[in-house]
Ligand SMILES: [Zn+2]
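Numbering (the working numbering), first residue to last: 1453 to 1507.
Laid out in structure tokens, this is it:
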């Protein structure tokens, strides 16, 4: 079954965000945010039949 690229992150599950601050050595302070939708894989499994149940 083919996997689909995560819609939340578009296949870039780990994003580095600059905080605007600097470390003591002059390098930028980065926050690494991992996409919670795909857990950092960049791919999601196609929606299972859950959406068809109940209604
Ligand atoms: Zn994602």
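Cβ atoms here follow ideal geometry from the backbone N, Cα and C, with glycine treated the same way. Small disclaimer: the values here were computed from a predicted structure and weren't measured.
Roughly how many angstroms lie between the CA atoms of residue i and residue j, to the nearest whole one?
i, j, result
"residue 1454", "residue 1481", "37 angstroms"
"residue 1478", "residue 1498", "44 angstroms"
"residue 1458", "residue 1494", "5 angstroms"
"residue 1460", "residue 1492", "11 angstroms"
Whose CA, out of the options, lies closest to the CA of residue i?
i, options, result
"residue 1467", "1486, 1460, 1493", "1486"
"residue 1484", "1492, 1464, 1469, 1456", "1469"
*Closer than 5 angstroms: residues whose CB approaches a heavy atom of ligand 1*: 1458, 1460, 1461, 1465, 1487, 1489, 1490
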